[in-house]
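See below for the structure under consideration.
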Amino acid sequence: MSRLLIGLVILSWVPFAAISGEIPEAESVRGDGLSDEWERYPAQEMMTRYLRRLAHEALDRREAHYEEIKTPEQIAEYQKSMKQFFVEQLGGFWEKTPLNAQITGTLDFKDYRIEKLIYQSQPGLYVTAVLYLPNTPPPYPGVLLPCGHSDNGKASETYQRASLLLVKHGFAVLCYDPFDQGERYQLLDAQGKPRLGGTIGHTMVGVGCILLGRNAATYRIWDGIRGIDYLTSRPDIDASRIGCTGNSGGGTLTSYLMALDERIVCAVPSCYLTTLRNQEPQDAEQNIHAQIAFGMDHADYILMRAPKPTLMSTATRDFFDIHGAWFTFRQAKRFYTRLGFAERVELIETDAEHGFSVQLREGMVRWMKRWLMHVEDPLTEPELAVLSDEEVRCTPQGQVGLLDGAKTIYELNRKIEEQLQQNRQQYWQKTPRQAALHEVRAIAGIRPLEQIPSLEVVKMEPVAQEGADRKHLILKGEDGLYVPAVVWVPKPSPSEDFYLVLDEKGKQAVLGPDGVGRELTGEGHVVMAADLPGLGVTARPAGSNVWSTHFGPGWQDVFLAYMLGKSYVGLRAEVILALARFMSELEPAGIPRRIHLIASGEAGPAALHAAALEPALFDSVKIQKSLVSWSNVIHNTITKNQLVNTVHGALRKYDLPDLAATLPADKLIIEDPVDALGNPVK
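Here is the structure:
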């Protein structure tokens, strides 16, 4: 873990002078490049540009480190460190329990047969799969085929064709449904129909997993590992000849499994591997916490298994960038060459869009034959008889959720949370408060106040308003993180009470006719309203698509921060602390002033963190219409826009009420809390 580079980027802030009565004029825009950036690009792109810049810097460091790895001993140490990090970020795996595999039906054909199968990757967590077996004497080499993001999972024509081509060439193939696909939808309505599924379902599960210090990928990988357990338990399958292949989301799982499971001799990940430098975040299982900060790029899934045979299967017009794929291949080729096995890693590219096209399927089977059968010959995919969804159905009613004793991942997460809740209670009872808060800082990534540099004004515009001096400010931190704000100073002289008001809709909600800013200014108080990162003018445009509805319009930026080891809660909390200190240090110096913090909605969790970690900075704190607890996210199953409120592994040590309990009752007001769907909580 010595290479973990997770710390938050230091913001370069410097306060401006004199706010009593008149705010002095400032340069409209400073001459440096970062200040100019605010003028050149839309504010709504700020977080993407900021986070992408940090990602490129981290990946530059990774590539420099890669160039230092030359000897087999250095390679072995690199692989060990990378695997250890990967498993830690997944939250570790479970103890292996009986698979309790059941064959629920068979189908016989001329040159192959099918066994329809259900196994339990964990007690009650049923996995539906189809095992294709050749009608030739065993033992057979076995291939695990995790599905991509098809609604019907293993019944998808593409994955049937890949399985059929393999079985016709002598391989046993286990193709299984991922959760929220095929027969494994996690949420069913009263009629047994899916309520949510596919990538949306994966990410909904992922929101809760993040808070538990796990990942949707943890469950996906474990299903695959247990699938290999089943293959290797059968006497008709040669446990020393195991392969793995999959396309798209199945390519993701193939990449993960081939990196972590030593039993996979030969692997062909298709339409996934590229580089994070060129790739936008995808659904939850494709984003590993802190992987960019640590230096784990897509190439590392191959490097971790070197020199085992690996074929990258790619498409020219894929949305997984082909140039990034060739970059990854070059890194892998050089690694394998250093180990003396250059021939064991290759790349095939077809001039097609995203998908497990026939050329990629044929190349995959040839690669499997080369390394698992030691046969090298040309092959062409023949006409293949694809079965209907009904014909490959494994369960009586078409969904595992309708089986007796079935559990969902949401239920398993709730069980984990219930145990963690007991652990947290004991932790906060037995641990000195300052030590516990130090742990909160480390988990959320929030530095002590004295380590957060001061704010710098790069733009100031006066706004005419009767009875108050009002100015719009742009405050700057390094790397392109800006904080738009408005300061109101009542005339002729303000009171000693200064209010920092943060609304999830941005500063305009504070400024409007019904906003609290006008009321407070009318009472003679100085008011600052600011747009926290990703809110107000820096928010991504609200979309009408299902992703924005469930996870917020900035969900990809949140996941990019996540891969950098950051949380939006931590980023925003540091900005809140910098803003509060900015207000407290305004000229004239030495005059007492009281800082009051008001935060609503999405701004609430960050404000609560800021107040709990630096209580001396605030004379009062009011949190309005904000999330009641992270535990509520776990227990609500379907949630709305809670991804932005997550902190990886937070529930292992603390929940939002634990932070609230550290503040005196006369300092903190929590008003109209809401649940994970935004509904009022009594």
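All residue numbers for the sequence shown refer to the numbering used here, where the first residue is 5 and numbers rise by one. Even glycine gets a Cβ: it sits at the ideal position worked out from N, Cα and C. It should be emphasised that the depicted structure is a prediction, and the values quoted were computed from it without experimental measurement.
Practice task
Could you give the DSSP three-state label for alanine 243: helix, strand or coil?
Solution key: As a first step, residue 243 must be located in the sequence shown, where it is residue number 239. Strand, per DSSP.
Practice task
Could you check if alanine 546 is buried or exposed, using at least 16 other CB atoms within 10 Å of its CB as the buried criterion?
Solution key: Residue numbering aside, residue 546 sits at position 542 when the sequence shown is read from its first letter. With fewer than 16 Cβ atoms within 10 Å of its Cβ, alanine 546 is classed as exposed.
Handout entry: Beta-carbon proximity of glycine 367 to serine 317, cut-off 8 Å
Key = Your numbering for residue 367 matches position 363 in the sequence shown. Your numbering for residue 317 matches position 313 in the sequence shown. Yes, these two residues count as a Cβ contact at 8 Å.
Handout entry: Exposure of glutamine 628, with buried meaning 16 or more beta-carbon neighbours within 10 Å
Key = Taking the sequence shown and counting its residues from 1, one reaches residue 628 at position 624. That one is buried.
Practice task
Compare the C-alpha of threonine 101 against each of Lys114, Tyr234, Asp64 and name the closest.
Solution key: As a working mapping, residue 101 is identified with position 97 in the sequence shown. Of Lys114, Tyr234, Asp64, the residue nearest in Cα terms is Tyr234.
Practice task
State buried or exposed for tyrosine 45, treating a residue as buried only when at least 16 other CB atoms are found within 10 Å of its CB.
Solution key: In the sequence shown, the residue the question calls residue 45 occupies position 41. Tyrosine 45 is exposed by the Cβ-count criterion.
Problem - Where the alpha helix (DSSP H) containing alanine 584 begins and where it ends - result: Counted from its first residue, the sequence shown places residue 584 at position 580. Where alanine 584 is concerned, the enclosing alpha helix (DSSP H) stretches over 572-588.
Handout entry: Cβ neighbour criterion (16 or more within 10 Å) applied to threonine 140
Key = Within the sequence shown, the letter at position 136 stands for residue 140. So threonine 140 counts as exposed.
Practice task
With DSSP as the reference, label phenylalanine 622 as helix, strand or coil.
Solution key: For the purposes of this step, residue 622 is identified with residue 618 of the sequence shown, where counting begins at 1. Residue state, collapsed to three classes: coil.
Practice task
Look up leucine 129 in the DSSP assignment and say whether it is helix, strand or coil.
Solution key: Here residue 129 refers to the residue found at position 125 when the sequence shown is read from its first residue. Leucine 129 falls in the strand class under three-state DSSP.
Practice task
Counting only the same chain and skipping the five closest in sequence on each side, list residues whose C-beta sits under 8 Å from that of tryptophan 17.
Solution key: Residue numbering aside, residue 17 sits at position 13 when the sequence shown is read from its first letter. Model confidence at tryptophan 17 stands at a pLDDT of 29, short of 50, so the residue's coordinates are unreliable; what they give is reported in the following sentence. Ile456, Pro457, Ser458, Leu459, Glu460, Leu479, Lys480, Gly481, Ala582, Phe586, listed in sequence order.
Handout entry: Status (buried if at least 16 other CB within 10 Å, exposed otherwise) for glycine 328
Key = Start at 1 with the first residue of the sequence shown, and residue 328 comes out as number 324. It is buried - the Cβ of glycine 328 has at least 16 other Cβ atoms within 10 Å.
Practice task
Could you tell me whether the segment 211-227 touches the segment 180-191, where touching means 3 or more Cβ pairs closer than 8 Å?
Solution key: yes
Practice task
Within 10 angstroms of the Cβ of arginine 437, are there 16 or more other Cβ atoms? Answer buried if so, exposed if not.
Solution key: Counting from 1 along the sequence shown, the entry for residue 437 is found at position 433. By the 10 Å Cβ count, arginine 437 comes out exposed.
Exercise for the section: Compute the distance between the beta-carbons of leucine 200 and threonine 650, then report whether it is under 8 Å. Expected result: Sequence index remark: in the sequence shown, residue 200 carries index 196 (1-based). Sequence index remark: in the sequence shown, residue 650 carries index 646 (1-based). Cβ atoms of leucine 200 and threonine 650: not closer than 8 Å.
Handout entry: Extent of the continuous alpha helix (DSSP H) run through proline 76
Key = To locate residue 76, count along the sequence shown from 1; it is residue 72. Element bounds for proline 76: 76-94.
Practice task
Compute the distance between the beta-carbons of glycine 521 and valine 505, then report whether it is under 8 Å.
Solution key: Here residue 521 corresponds to residue number 517 of the sequence shown, with the count starting at 1. Here residue 505 corresponds to residue number 501 of the sequence shown, with the count starting at 1. Yes, the pair counts as a contact, with Cβ atoms nearer than the cut-off.
Handout entry: Whole-angstrom distance between glutamine 93 and glycine 217, CA atom to CA atom
Key = Here residue 217 is taken as the residue at index 213 of the sequence shown, counted from 1. Here residue 93 is taken as the residue at index 89 of the sequence shown, counted from 1. If I take the Cα positions, the gap works out to 7 Å.
Problem - C-beta contact flag for tyrosine 116 and lysine 172 at 8 Å - result: As a position in the sequence shown, residue 116 is number 112, starting the count at 1. As a position in the sequence shown, residue 172 is number 168, starting the count at 1. In contact: tyrosine 116 and lysine 172 (Cβ atoms closer than 8 Å).
Exercise for the section: Rounded to whole angstroms, what's the CA-CA distance from proline 557 to glutamate 49? Just pull it up for me. Expected result: Start at 1 with the first residue of the sequence shown, and residue 557 comes out as number 553. Start at 1 with the first residue of the sequence shown, and residue 49 comes out as number 45. In a straight line, the C-alpha of proline 557 is about 12 Å away from that of glutamate 49.
Problem - Check whether cysteine 179 and leucine 137 have beta carbons under 8 Å apart - result: Residue 179 sits at position 175 when you count from the first residue of the sequence shown. Residue 137 sits at position 133 when you count from the first residue of the sequence shown. No. Outside cutoff.
Handout entry: Buried/exposed call for valine 637, threshold 16 Cβ in 10 Å
Key = Within the sequence shown, residue 637 is the residue found at index 633, counting from 1. Per the 10 Å Cβ criterion, buried.
Handout entry: 7 Å CB neighbourhood of arginine 374 in its chain, flanking five on each side removed
Key = Looking up residue 374 in the sequence shown gives position 370. Result list for arginine 374: Glu380, in chain order.
Practice task
On the DSSP bridge assignment, give the partners of tryptophan 492 in chain order.
Solution key: The sequence position of residue 492 within the sequence shown is 488, counting from 1. In the DSSP output, where bridge partners are listed per residue, tryptophan 492 has Arg474, Val531.
Problem - Distance cut-off 7 Å: glycine 299 Cβ against heavy atoms of the ligand SAH - result: For the structure depicted, the ligand SAH is absent and the ligand set is empty, with no information on it obtainable.
Practice task
State yes or no: is the C-beta of methionine 372 within less than 8 Å of the C-beta of leucine 170?
Solution key: By one-based count along the sequence shown, residue 372 stands at place 368. By one-based count along the sequence shown, residue 170 stands at place 166. Yes, they are a contact pair.
Exercise for the section: Could you round the C-beta distance between glycine 484 and arginine 57 to whole angstroms and report it? I think they count as a contact, below 8 Å. Expected result: What you label residue 484 is simply residue 480 of the sequence shown in a count that begins at 1. What you label residue 57 is simply residue 53 of the sequence shown in a count that begins at 1. Yes, glycine 484 and arginine 57 are in contact; Cβ-Cβ is about 6 Å, under 8 Å.
Handout entry: Contact under 8 Å by Cβ, serine 274 with threonine 256
Key = Start at 1 with the first residue of the sequence shown, and residue 274 comes out as number 270. Start at 1 with the first residue of the sequence shown, and residue 256 comes out as number 252. Result no, Cβ atoms of serine 274 and threonine 256 do not sit closer than 8 Å.
Practice task
Output the distance between the C-alpha atoms of isoleucine 14 and alanine 440, rounded to the nearest integer angstrom.
Solution key: Here residue 14 refers to the residue found at position 10 of the sequence shown. Here residue 440 refers to the residue found at position 436 of the sequence shown. Any reading at isoleucine 14 needs caution, since the residue's pLDDT is 28, under 50, leaving its predicted position unreliable; the model's value is listed next. Going from the Cα of isoleucine 14 to the Cα of alanine 440 covers about 23 Å.
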